[in-house]
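Step one of this worksheet: look at the structure below.
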Amino acid sequence: MTEKLRVAALSELPTGTGLEVTVGGRVIAIFRTDDGVRAIDGICAHAGGPLGKGTISGGVVTCPWHGWQYDVNTGTHCLTPAICQQPFEVTIEDDDVFVEIP
Ligand code: FES
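Here this note's numbering = 1-based position in the sequence shown + 240.
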């Protein structure tokens, strides 16, 4: 059953930033881009780095540990599409950001 959980206040997430949250037993990376708010699995597939603490540019997050890059819209690794961080559905209600955890 999918859980819809509040993860942040939109006002605390300026465009071009990200954050790491732990909800529903999962570590989730939340990003706000020019296209909106996106959420993907926050634990990097390479060695477990914190993607929510990575740098975000043009819809791509760069892992702070060794530089792997992922498209935050799909969770797909930029060089190796077979590697994919699970994306999560995001909804905004007033100033609240919610993520749906399957
Ligand atoms: S842990 Fe993310 S690039 Fe190594």
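The beta-carbon is built from N, C-alpha and C at its ideal position, and this holds for glycine as well.
Just so we're clear, the structure is a prediction, and the values are computed from it rather than from any experiment.
Name the DSSP bridge partner or partners of residue i?
i, result
"Gln325", "The partner list for Gln325 (beta bridge, DSSP) is empty, contrary to what the question assumes."
"Leu259", "Ile270"
Please state whether DSSP places residue i in a helix, a strand or coil.
i, result
"Gly292", "helix"
"Leu250", "helix"
"Val312", "coil"
"Ala287", "coil"
"Leu245", "strand"
"Asp281", "strand"
"His317", "strand"
"Gly276", "strand"
"Asp334", "coil"
If you check the beta carbons only, do residue i and residue j fall under 8 Å apart?
i, j, result
"Gly315", "Ile280", "yes"
"Val247", "Val261", "yes"
"Thr273", "Ile296", "yes"
"Ala269", "Val300", "no"
"Pro327", "Thr242", "no"
"Gly258", "Gly294", "yes"
"Ile323", "Val277", "no"
Is it a yes or a no for the stretch 285-303 touching the stretch 330-341, going by three-plus beta-carbon pairs under 8 Å?
-> no
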